[in-house]
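Everything in the sequence shown is counted per this note's numbering, starting at 8 for the first residue and increasing by one. Report on the structure given below.
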Amino acid sequence: MRRIRYCVANWKMNFNCSETKSFLENWEKKDLINKEVKTIFCPSFTELNTTAKLLQNSNSELGAQNVYYESNGAYTGEISCRMLKELGCQWVIIGHSERRSIFGETDEMVCNKLDKLTSENMYPIVCIGETKVERENGKTEEVLSRQLSVAFENQKGKNIENIIVAYEPVWAIGTGITATNDMISETHQCIRNIFSTNGFNGSNISILYGGSVTNENAAELSGITDVDGFLVGGASLDVNKFYAIYNQL
Ligand code: 13P
Numbered sequence: 008m009r010r011i012r013y014c015v016a017n018w019k020m021n022f023n024c025s026e027t028k029s030f031l032e033n034w035e036k037k038d039l040i041n042k043e044v045k046t047i048f049c050p051s052f053t054e055l056n057t058t059a060k061l062l063q064n065s066n067s068e069l070g071a072q073n074v075y076y077e078s079n080g081a082y083t084g085e086i087s088c089r090m091l092k093e094l095g096c097q098w099v100i101i102g103h104s105e106r107r108s109i110f111g112e113t114d115e116m117v118c119n120k121l122d123k124l125t126s127e128n129m130y131p132i133v134c135i136g137e138t139k140v141e142r143e144n145g146k147t148e149e150v151l152s153r154q155l156s157v158a159f160e161n162q163k164g165k166n167i168e169n170i171i172v173a174y175e176p177v178w179a180i181g182t183g184i185t186a187t188n189d190m191i192s193e194t195h196q197c198i199r200n201i202f203s204t205n206g207f208n209g210s211n212i213s214i215l216y217g218g219s220v221t222n223e224n225a226a227e228l229s230g231i232t233d234v235d236g237f238l239v240g241g242a243s244l245d246v247n248k249f250y251a252i253y254n255q256l
């Protein structure tokens, strides 16, 4: 079976309203000829509304960079699934390494978010990845296995085809260093095996690579077996670079 391919822009804490508009007005002029690749934009919460409106006539979809797992209540500063859905947001990034390392997001919180999103019929983009020290100490498989087993604990027996996994080695994010082709291929295969060991059909799940993807390395990276697309940070802030990445998938 051919898995869906994705090109996801994680704009992180960039782009105010005018920058969002300027990017998306240019994006609208691009010909999204590659029908087999889905494009998703994940702006800051404050730009979701603007982005939703500007994507109205586009095939590109809307995602958020985070969500809280409770439905409502006294959770100052948090955003619920219902609030996101109201804006037309279907996708949500969870477990990003910046949220794990800077904001203390744990595997258990990722699990709670995954459960909440699936119960709300929203689509999670679950980020996993090892640090440099973990890779150097041969712990990559152990770390990914823990992150995935905890996150997907309550998904057993359920259809997980609408969940994306993004493998983002922490040491490759924003550093200009990409993992080697062999590393990516091996690790994506390892992730599929972890799913199979946990009782899921690992061959159905779309696994994206993220970490210093650019218009210059996208062609090579997209040719790697088991890579079903990209989660792009820095290079997604430039409309021509992001379009070039999309075109190489
Ligand atoms: P960069 O593409 O800037 O390395 O960021 C990757 C990332 O964190 C996407 O979520």
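Just so you know, even glycine gets a beta-carbon here, dropped at the ideal spot from N, CA and C.
For residue i, verify whether its CB is less than 6 angstroms away from any heavy atom of the ligand 13P.
| i | result |
| --- | --- |
| Val44 | no |
| Ile109 | no |
| Ser219 | yes |
| Gly145 | no |
| Gly241 | yes |
| Ile260 | This structure does not reach residue 260, given that the chain is present from 8 up to 256, and the question cannot be answered. |
| Leu238 | yes |
| Asn17 | yes |
For residue i, count neighbouring Cβ atoms within 10 angstroms of its own Cβ and tell me buried if that reaches 16, exposed if not.
| i | result |
| --- | --- |
| Ser126 | exposed |
| Cys24 | exposed |
| Thr187 | exposed |
| Phe110 | exposed |
| Lys42 | exposed |
| Met129 | buried |
| Glu32 | exposed |
| Glu143 | exposed |
| Thr46 | buried |
| Asn17 | buried |
Straight-line CA distance for residue i to residue j?
| i | j | result |
| --- | --- | --- |
| Arg89 | Glu26 | 26 angstroms |
| Asp2 | Ile40 | The question about residue 2 has no answer, for the chain in this structure spans 8 to 256. |
| Asn119 | Tyr76 | 6 angstroms |
| Ile170 | Ser29 | 30 angstroms |
| Gln63 | Gly102 | 28 angstroms |
| Gly183 | Leu238 | 14 angstroms |
| Asn73 | Ala81 | 18 angstroms |
| Gly206 | Lys163 | 7 angstroms |
| Lys37 | Gln97 | 23 angstroms |
| Ala158 | Leu228 | 26 angstroms |
| Pro176 | Asn56 | 31 angstroms |
| Ala226 | Ser213 | 18 angstroms |
| Thr83 | Ser108 | 21 angstroms |
| Val220 | Ser243 | 9 angstroms |
| Asn79 | Lys123 | 12 angstroms |
Ordered along the chain, which non-local residues of its own chain (more than five positions away) have a Cβ less than 8 angstroms from that of residue i?
| i | result |
| --- | --- |
| Glu223 | none |
| Asn211 | Met8, Arg10, Ile167 and Glu168 |
| Cys197 | Thr147, Glu148 and Leu151 |
| Leu215 | Tyr13, Val15, Ile132, Ile171, Val172, Ala173, Tyr174, Val234, Asp235, Gly236, Phe237 and Leu238 |
Keeping to the same chain, check which residues put their C-beta closer than 7 angstroms to that of residue i; ignore five residues upstream and five downstream.
| i | result |
| --- | --- |
| Gly241 | Gly181 |
| Thr147 | Glu137, Glu141 and Thr194 |
| Phe52 | Ala71 and Ile86 |
| Arg6 | With the chain represented from 8 up to 256, any question about residue 6 goes unanswered, as that position is not in the structure. |
Can you list, in chain order, the residues of its chain whose CB lies under 6 angstroms from that of residue i, leaving out five sequence neighbours each side?
| i | result |
| --- | --- |
| Ile231 | Asn188, Ile191 and Ser192 |
| Trp34 | Val246 |
| Ala59 | Leu69, Leu94 and Gly95 |
| Glu160 | Cys118 |
Quick one: is residue i near chain D, going by C-beta distance under 7 angstroms?
| i | result |
| --- | --- |
| Gly206 | The chain labelled as chain D is not found in the depicted structure, where only one protein chain is given. |
Segments of 4+ residues assigned as alpha helix (DSSP H) that fall wholly inside the segment 105-193: The DSSP assignment places 114-126, 139-143 and 147-158 as complete runs of the alpha helix (DSSP H) inside the segment 105-193, in order along the chain (cut-off: 4 residues).
Entirely enclosed alpha helix (DSSP H) segments - the segment 22-80, minimum 4 residues: Every alpha helix (DSSP H) stretch that sits fully inside the segment 22-80 and reaches 4 residues is listed by chain position as 24-35 and 55-61.
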